[in-house]
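**Student:** This is the structure, below, for whatever I ask next.
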Amino acid sequence: MAGMDVSLKEMMAIDGAIGAVIVDHGSGMALGALGGSKDLDLQIAAAGNTEVVKAKLRTMDSLGLKDSIEDILITLSGQYHIIRPITGRGGKGLFLYLALDRNRANLALARHQLRGIEEKLEV
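Read in numbering that gives the first Met the number 0, the sequence shown has 52 at position 53, and its numbers run on one by one without any break.
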């Protein structure tokens, strides 16, 4: 099992990573963050992506879907943003957020690595 700091470092070790955050989607607060830049404020990203998660959960509820979100992918012209809800013990209501440079990242590999990090994370 890995703690929050170790998990954030592992997220930033993924090829192309430019920012990593563990977010409480109840409050929109970043519980931990690494990386970012003047163009990627991780606190704002945490709050904004909380709204994305909440909207998807509301939509699933409205549709009567009895499924769970594995991840949400947002593809920008220069970046990939991956949102992955934490399903392990004590992670209910939290999600991982990873921003990747699209020119340096392998999306399939990044999703695979993020799944492994999420599975090991102990909050």
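The beta-carbon is built from N, C-alpha and C at its ideal position, and this holds for glycine as well. Source: prediction; values computed, not measured.
(1) Pick out whichever of R83, A29, D60 has its Cα sitting closest to the Cα of L95.
(2) Could you check where the beta strand (DSSP E) with A98 kicks off and where it finishes?
(3) From the DSSP output, in three-state form, read off S36 for me.
(4) So which of L33, S26, G27, N105 has the shortest CA-CA distance to S6?
(5) Decide yes or no for the touch test of the region 25–44 against the region 57–64: beta carbon pairs closer than 8 Å, at least 3 of them.
(6) In whole angstroms, give me the CA-to-CA distance for E117 and A1.
(7) Taking 7 Å as the threshold (C-beta atoms), are G15 and D100 in contact?
**Tutor:** Considering the structure as presented:
(1) To locate residue 95, count along the sequence shown from 1; it is residue 96. Nearest option by C-alpha distance: R83.
(2) Working through the sequence shown from its first residue, we reach residue 98 at position 99. Unbroken beta strand (DSSP E) run through A98: 93–100.
(3) Here residue 36 is taken as the residue at index 37 of the sequence shown, counted from 1. If DSSP states are grouped into helix, strand and coil, S36 belongs with the strands.
(4) Sequence index remark: in the sequence shown, residue 6 carries index 7 (1-based). Comparing Cα-Cα distances from S6 to each of L33, S26, G27, N105, the minimum goes to L33.
(5) no
(6) Counting from 1 along the sequence shown, the entry for residue 117 is found at position 118. Counting from 1 along the sequence shown, the entry for residue 1 is found at position 2. Each residue's alpha carbon lies about 9 Å from the other.
(7) Counted from its first residue, the sequence shown places residue 100 at position 101. Counted from its first residue, the sequence shown places residue 15 at position 16. Their beta carbons are under 7 Å apart, which means D100 touches G15 by this criterion.
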